[in-house]
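Visitor:
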Amino acid sequence: MTAHVALLRGVNVGGGNKVAMPELRRLAEGLGWTGVQSYIASGNLVFQAADGDLAQDLRGAMRREIGVDVPVLVLGRARFERIAAACPFSPEDGRLAHVYFAFGAPRIDGAALDRYIAPGEALEAGPAAVYLSAPEGIGRSKLFANLGRVVPGTDLTGRNLRTVRHLAGMLRGVT
Numbered sequence: 000m001t002a003h004v005a006l007l008r009g010v011n012v013g014g015g016n017k018v019a020m021p022e023l024r025r026l027a028e029g030l031g032w033t034g035v036q037s038y039i040a041s042g043n044l045v046f047q048a049a050d051g052d053l054a055q056d057l058r059g060a061m062r063r064e065i066g067v068d069v070p071v072l073v074l075g076r077a078r079f080e081r082i083a084a085a086c087p088f089s090p091e092d093g094r095l096a097h098v099y100f101a102f103g104a105p106r107i108d109g110a111a112l113d114r115y116i117a118p119g120e121a122l123e124a125g126p127a128a129v130y131l132s133a134p135e136g137i138g139r140s141k142l143f144a145n146l147g148r149v150v151p152g153t154d155l156t157g158r159n160l161r162t163v164r165h166l167a168g169m170l171r172g173v174t
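For what it's worth, numbering that gives the first Met the number 0 labels the leading residue of the sequence shown as 0, then goes sequentially.
1. Any idea if D56 is buried or exposed, counting beta-carbon neighbours within 10 angstroms, 16 or more meaning buried?
2. Contact between the stretch 27-43 and the stretch 138-148: three or more CB pairs below 8 Å?
3. Measuring straight from C-alpha to C-alpha, what distance separates R76 and P118?
4. Go ahead and label E135 buried or exposed: buried means 16 or more other beta carbons lie within 10 angstroms of its beta carbon, across all protein chains shown.
5. How long is the line joining the alpha carbons of S132 and G93, rounded to whole angstroms?
6. Give, in chain order, every unbroken run of the beta strand (DSSP E) that is at least 3 residues long and sits entirely within the stretch 11-59.
7. Should R158 be labelled buried (16 or more other beta-carbon atoms within 10 Å of its own) or exposed?
8. Quick check on A127: buried or exposed, where buried means 16 or more other Cβ atoms within 10 Å of its Cβ?
9. Starting from A84 and walking both ways along the alpha helix (DSSP H), at which residues does that stretch end?
10. On the premise that V73 lies in contact with A175, defined as a C-beta separation below 8 Å, what is that separation, rounded to the nearest angstrom?
11. In chain order, what residues of the same chain lie with their CB nearer than 7 Å to the CB of E64, ignoring the 5 residues before and after it?
12. Would you mind stating whether V149 and Y99 have Cβ atoms separated by less than 8 Å?
13. Less than 8 Å separating the beta-carbons of V163 and Q47?
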């Protein structure tokens, strides 16, 4: 059994794709996952399971049992920790830096980046994520609002750095 994190894309945001975290934990436990814990309502699970196609297993269970079909990304502890540690931004307020975990290889379109980036913002790509620093907050960021144009060709699911750090701590505690 290996410790994993599951990151759901687009749940409980803007009133759509509503998923209750107790229901999500129940679904994961029904798949035979153990030590299942959720963190905040944005679709974060930490658990132990044998390796396999865990993302598709959870997505299928959600579709069948609660009628919600959203992309799911599952990462083992070591990979999640590498992605988290690679974040080039470490503001005191971890809500101002974000990690956008990529479902494929992320590539930044330089022309789109130049079009949408504001003074003080920064965006960097790693092999499995893009990292956004938005000192004025993502609610005011044209870069955030256009992230799909700036990083085309792959789905992304984002968490602020504070959440990423918390999930990393939860992963270390999974036994």
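Ideal Cβ positions, reconstructed from N, Cα and C, are used throughout, including at glycine.
Guide: Let me lay it out:
1. buried
2. no
3. 35 Å
4. exposed
5. 10 Å
6. 33-37, 43-48
7. buried
8. buried
9. 76-84
10. Nothing can be reported for residue 175, as the shown portion of the chain is limited to 0 through 174.
11. L26
12. no
13. no
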